[in-house]
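Protein chains: 2
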Amino acid sequence: MNAASPIAALLEERRLVVDEALDRALSPDGAWPPTIHRAVRYSLFAGGKRIRPILVLLAGEAVGGERQDLLPFSCAVEMVHTYSLVHDDLPAMDNDDLRRGKPTSHKVFGEAIAILAGDALLTRAFHLLAEVPDGWNDVKLRRRITATALLGQACGTAGLIGGQVADLESEGKNVEPRDLARLHQAKTGALLAACVRGGGILGGAGAEELERLGRYGDAVGLAFQVVDDILDVTEEAAQLGKTAGKDVAARKATFVSLHGLDGARAAADALLEEALAALAPLGPRGETLAALAWHIVTRHA
Amino acid sequence: MNAASPIAALLEERRLVVDEALDRALSPDGAWPPTIHRAVRYSLFAGGKRIRPILVLLAGEAVGGERQDLLPFSCAVEMVHTYSLVHDDLPAMDNDDLRRGKPTSHKVFGEAIAILAGDALLTRAFHLLAEVPDGWNDVKLRRRITATALLGQACGTAGLIGGQVADLESEGKNVEPRDLARLHQAKTGALLAACVRGGGILGGAGAEELERLGRYGDAVGLAFQVVDDILDVTEEAAQLGKTAGKDVAARKATFVSLHGLDGARAAADALLEEALAALAPLGPRGETLAALAWHIVTRHA
Chain A
483 MNAASPIAAL
493 LEERRLVVDE
503 ALDRALSPDG
513 AWPPTIHRAV
523 RYSLFAGGKR
533 IRPILVLLAG
543 EAVGGERQDL
553 LPFSCAVEMV
563 HTYSLVHDDL
573 PAMDNDDLRR
583 GKPTSHKVFG
593 EAIAILAGDA
603 LLTRAFHLLA
613 EVPDGWNDVK
623 LRRRITATAL
633 LGQACGTAGL
643 IGGQVADLES
653 EGKNVEPRDL
663 ARLHQAKTGA
673 LLAACVRGGG
683 ILGGAGAEEL
693 ERLGRYGDAV
703 GLAFQVVDDI
713 LDVTEEAAQL
723 GKTAGKDVAA
733 RKATFVSLHG
743 LDGARAAADA
753 LLEEALAALA
763 PLGPRGETLA
773 ALAWHIVTRH
783 A
Chain B
483 MNAASPIAAL
493 LEERRLVVDE
503 ALDRALSPDG
513 AWPPTIHRAV
523 RYSLFAGGKR
533 IRPILVLLAG
543 EAVGGERQDL
553 LPFSCAVEMV
563 HTYSLVHDDL
573 PAMDNDDLRR
583 GKPTSHKVFG
593 EAIAILAGDA
603 LLTRAFHLLA
613 EVPDGWNDVK
623 LRRRITATAL
633 LGQACGTAGL
643 IGGQVADLES
653 EGKNVEPRDL
663 ARLHQAKTGA
673 LLAACVRGGG
683 ILGGAGAEEL
693 ERLGRYGDAV
703 GLAFQVVDDI
713 LDVTEEAAQL
723 GKTAGKDVAA
733 RKATFVSLHG
743 LDGARAAADA
753 LLEEALAALA
763 PLGPRGETLA
773 ALAWHIVTRH
783 A
């Protein structure tokens, strides 16, 4: 996929919309106390590809949702994702010095501020979702609160946090393939799937559409992690913007260590097929989501 | 105040109700992955006095609210409070070994799990507030979401998190009285005030009642911190359940260091008067809140 392709242009347009919305969702420059706002912006605007918020927008748009109803949730998932990176990089966790090609938050601001910046991003995500215009009726309120519950589930102990705990505890141990799939489903898949389902709910998806989006989200979520594992062994650090080969160094179980490079690639392809099959009944409305799935599986960083 | 007084019995009854609700709001024993649930329960059931959730209940009951509408918010504020303690105690922050008379989370579970347990408590707080019964109408949904926004504000960078940042940055520096008041308002006052206002909103308070509760909450919030500063110099560690005299040791500015012990006691008394005056027009319905304010200002731990 090159920069001139239609999906690349579409992703770039959505990325700019998300970046503007994120900027508006944060406190203005100079807000008290300045340090924490600098740290929050440093990590949130570190050059992320905004895959998660774009998934929200594309899923919502696929079922006829309006952008203004989707953007707060878009921002919230990116804040949650960024908080999880900031905390995962801490010395007590994965102890990473580099993220998206830049020094990690604790290297720049120190551990205390990095912990608090993560806390602030997580807090602002849910705060933003509770900021609701006065005129909203119960249908809109209900959609917002349902999507919020989905996000809470996805980033709690059954999702993001549980996955990170299991990941830390699996280092240097033999991990069964079933347990690895569960770990990745929690650590990466749950939030990606919540982006798709949440976007669908906020866009007003019917039960059948929501079920389709759910299957797409589950497949894309797992495919994303499989590709991450592949890239960890095939790409250079400069390309990834983070330390390459660190899974191997940490003796972490990955799809590649368990199934080999070819096995992992075959799994990613199968998951892509699954995602596309789930979208098929949506017809043309599913096309951008299909292109995004393809983009995720064939990405190089 | 002794254990046989009416307010003590009332607080004890509410404390048990809150503890039961907190227990129900958490994942069952043995949920995956076990470590994180042990760490969350360890800190949440470490013997807290539940002042914040009880403030929610009493404020909501004072305006005619029903307990079932108040309890989720009650649980959420206690989870948020507990997460802030777990993170504040970390080596990178206040580096405390003792909390509520027990070893702090990172001493028991290690730093990584302590960070994640704090994250899990914060996440579950907002997740819980987004779990809403199917039959709720827009009035109830609106109240829940308004109270949630209030909590988000109180524990964000303008509240809890900003206060902790300012606190860390003030160590060993000369702090102006005005800046100290702002720091405490953010770090302690904002959440306590949100308990009172949130309880009022969920209980269906009118505008006039809400304004009264707001003034009460602001005064009680600041009084709580003034008393904390007094107890830090007058009580033994065994009484406090945490390291005594640590503000002095850390050269932190406190109400006592700025205004002396007598000045701080006079400030606490004046704030108590302010809180009681705000409640006066509520008549008998404000009596339990008045008793709680009195209890907070005259407490010894």
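From first to last, the protein sequence lines stand for chains A and B. Residue 507 in the working numbering sits at position 25 of the first sequence; the count goes up by one each step and never skips. Residue 650 in the working numbering sits at position 168 of the second sequence; the count goes up by one each step and never skips. Each residue gets a CB set at the ideal place from its N, CA and C atoms; glycine is no exception. Just so you know, these numbers come straight off a predicted model, no measurement behind them.
As computed with DSSP, A/ARG581 is found in a beta bridge with A/LYS584. B/PRO659: member of the alpha helix (DSSP H) spanning 659-666, first to last residue. Put simply, the CB of B/ARG624 is near chain A, with a gap under 8 Å to one of its CB atoms. The beta carbon of A/GLY645 lies closer than 6 Å to those of LEU665, ALA668 and LYS669 in the same chain, with the five residues before and after it left out. Beyond the five residues adjoining it in sequence on each side, A/LEU642 comes within less than 8 Å, by CB distance, of VAL562, SER566, ALA636, ALA668, LYS669, ALA672 and LEU673 in the same chain, given in chain order. DSSP places B/SER487 in the coil class of the three-state scheme, outside both helix and strand. If you draw a 10 Å sphere on the C-beta of A/PRO515, you find 16 or more other C-beta atoms in it, and that means buried. The C-beta distance from A/PRO554 to A/LEU610 rounds to 5 Å, short enough to fall under 8 Å. Residue contact with chain B for A/PRO510: absent (no Cβ-Cβ distance below 8 Å to any residue of chain B). Listed along chain B, the residues sitting closer than 7 Å to A/TRP514 by beta-carbon distance are GLY644. When the alpha-carbon of B/THR630 is set against those of B/TRP618, B/ALA612, B/ASP616 and B/VAL647, the nearest one is in B/ALA612. Distance check between A/ARG520 and each of B/ILE533, B/VAL647 and B/GLU494 places B/VAL647 closest, using alpha-carbon atoms only. Identification of chain A residues near B/GLN635 by a Cβ-Cβ cut-off of 8 Å yields HIS609, ordered along the chain.
Our two residues, B/ALA705 and B/ALA689, have alpha carbons roughly 24 Å apart in a direct line. Taking the CA atoms as reference points, B/LEU650 sits about 20 Å from B/VAL709. The stretch 567-574 of chain B makes no contact with the stretch 683-702 of chain B; the number of CB pairs closer than 8 Å stays below 3. Here the alpha carbons of A/TRP776 and A/PRO488 stand approximately 13 Å from one another. Between the stretch 764-779 of chain A and the stretch 542-552 of chain A, the count of Cβ pairs shorter than 8 Å is three or higher; the stretches touch. For A/PHE555, the enclosing alpha helix (DSSP H) stretches over residues 549-570.
With the criterion set as a beta carbon lying under 7 Å from some beta carbon of chain A, the members of the stretch 558-583 of chain B are HIS569, LEU572, ALA574 and MET575, in sequence order.
With a threshold of 8 Å between beta carbons, A/ALA594 makes contact with chain B. Across the set B/ALA752, B/GLY592, B/VAL614 and B/LYS622, the C-alpha of B/VAL614 shows the shortest separation from the C-alpha of B/ALA507. Listed by position along chain A, the residues whose Cβ is nearer than 8 Å to that of B/ILE518 are THR639, ILE643, GLY644 and VAL647. B/VAL738 is not a Cβ neighbour of B/ASP700, given a cutoff of 8 Å. Taken through DSSP and simplified to helix, strand or coil, A/VAL614 comes out as coil. A/GLU560 and A/LEU632 have their C-alpha atoms some 15 Å from each other. Approximately 5 Å separates the beta-carbon atoms of A/LEU539 and A/LEU552; this is inside 8 Å, confirming the contact. When DSSP states are grouped into helix, strand and coil, B/GLY671 belongs to the helix group. A/GLU653 is outside the set of residues whose beta carbon lies under 8 Å from a beta carbon in chain B. Per DSSP, the continuous alpha helix (DSSP H) segment holding A/LYS622 begins and ends at 620-636. If you draw a straight line from the Cα of B/GLU495 to the Cα of B/THR736, it is about 33 Å long. For a Cβ distance threshold of 7 Å, residue set ASP620 of chain B lies close to A/ASN619, ordered along the chain.
In the structure shown, the three-state DSSP call for B/LYS531 is coil. Within 10 angstroms of the beta-carbon of A/ARG626 lie 16 or more other beta-carbons, which makes it buried. B/ALA599 places its beta carbon less than 8 Å from that of B/VAL568.
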